[in-house]
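Scroll down for the structure; my scribbles are underneath it.
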Amino acid sequence: MSSEMTGYDEERIGQLLRLLPPAPQGWIEAAQELPAARATLDELVARAEADAAFRRRLEADLESAIAAAGFEPSPLVVSRLRQLLKAV
Amino acid sequence: MAATDQTDAQLVSRCRDGDPAAWNEFVERFSRYVYAIAVRGFRLAHHDCEDVFQEVFARAYERLPELRSDDAVRPWLAQLTRRLCIDRLRVAARDAPGEADPDAAAMEDVLASLDEAMAVRAALEAVGRPCSEILDRFFCRDESYRTIGEALQIPAGTIASRISRCLDKVRVELDGRKRAPRAS
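Protein sequence lines correspond, in order, to chains H and C.
So that you can map any letter, position 56 of the first sequence is 1043 in my numbering, and since no number is skipped, the others follow by simple counting.
So that you can map any letter, position 176 of the second sequence is 170 in my numbering, and since no number is skipped, the others follow by simple counting.
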């Protein structure tokens, strides 16, 4: 097969493949957890909007406040909630 | 239909319909793209890159229903990633003056190369195993012949010729796609 048909030769294909290394597996898995974390995040944000004392506890110590509210303070939930609280 | 046969639009549609497997596939399909923009395009530090990566997918998950054209998901993700990277650099520049936004023209070149790389990546996945794994390990994970041979239980001395044959298969696949363009 000639490279003239596609404009790609072996070297070019290799160069392009090298441009896309895998992201760290932990990052991928965390992003894939988003749908499962969504219900937790929705509830925590709703409580923060409705309860000023709870919001202050979250702002003081996010992980402890999430755990005290009965949720697992996974890294994804903690980081995402931190972002969401800035917007609330 | 195999995941690799689906267009981006079909995958987005499945995500929107709440298909439980679709989101995992979505993250798998675009993770390298988002990562490469942050690392190669903006050269973000590792921790900044991780924050941007998670924020991109979080916003994508939340806003996917608002996407106007399912075919446009890749440029949409590129734009989202780019904006978040620039925000991150601007925050860093406040702490370390002198850091500037990257050159816009250079960034367009990087994105064009990454789009081309995504097309090659799709062809690689269509070729399937063992070629996709051999080429991924060699080019994307920078593994040695020995490591690849041990992982795939094939003689290390045959890896170079296998790589060459596999690259040829990818080229044939790319040629087929060029003659019969897909939606994405």
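Even glycine gets a Cβ: it sits at the ideal position worked out from N, Cα and C.
7 Å Cβ cutoff, residue 36 of chain C in contact with chain H: no
Is residue 1060 of chain H close to chain C, meaning its C-beta is less than 7 Å from at least one C-beta of that chain? no
is_contact[residue 1012 of chain H, chain C] using C-beta, thresh 7 Å: no
Going by other Cβ atoms of all chains shown within 10 Å of its Cβ, with 16 needed for buried, is residue 1074 of chain H buried or exposed? exposed
Reference residue 69 of chain C, options C:154, C:152, C:3, closest by Cα: C:3
Reduced DSSP secondary structure (H/G/I, E/B, other) of residue 1056 of chain H: coil
Listed by chain order, chain C residues near residue 1005 of chain H by CB distance under 9 Å: 111, 133, 134, 136
Interface residues of chain H around residue 107 of chain C at Cβ under 7 Å? 1006
Contacts of residue 1067 of chain H in chain C (Cβ-Cβ under 7 Å): 52
Can you list, in chain order, the residues of its chain whose CB lies under 6 Å from that of residue 988 of chain H, leaving out five sequence neighbours each side? Unreliable placement is indicated for residue 988 of chain H, whose pLDDT of 44 sits below 50; no coordinate value is reported for it.
Pull up the CB-CB distance for residue 1008 of chain H and residue 135 of chain C, whole angstroms please, since I reckon it's below 8 Å. 7 Å
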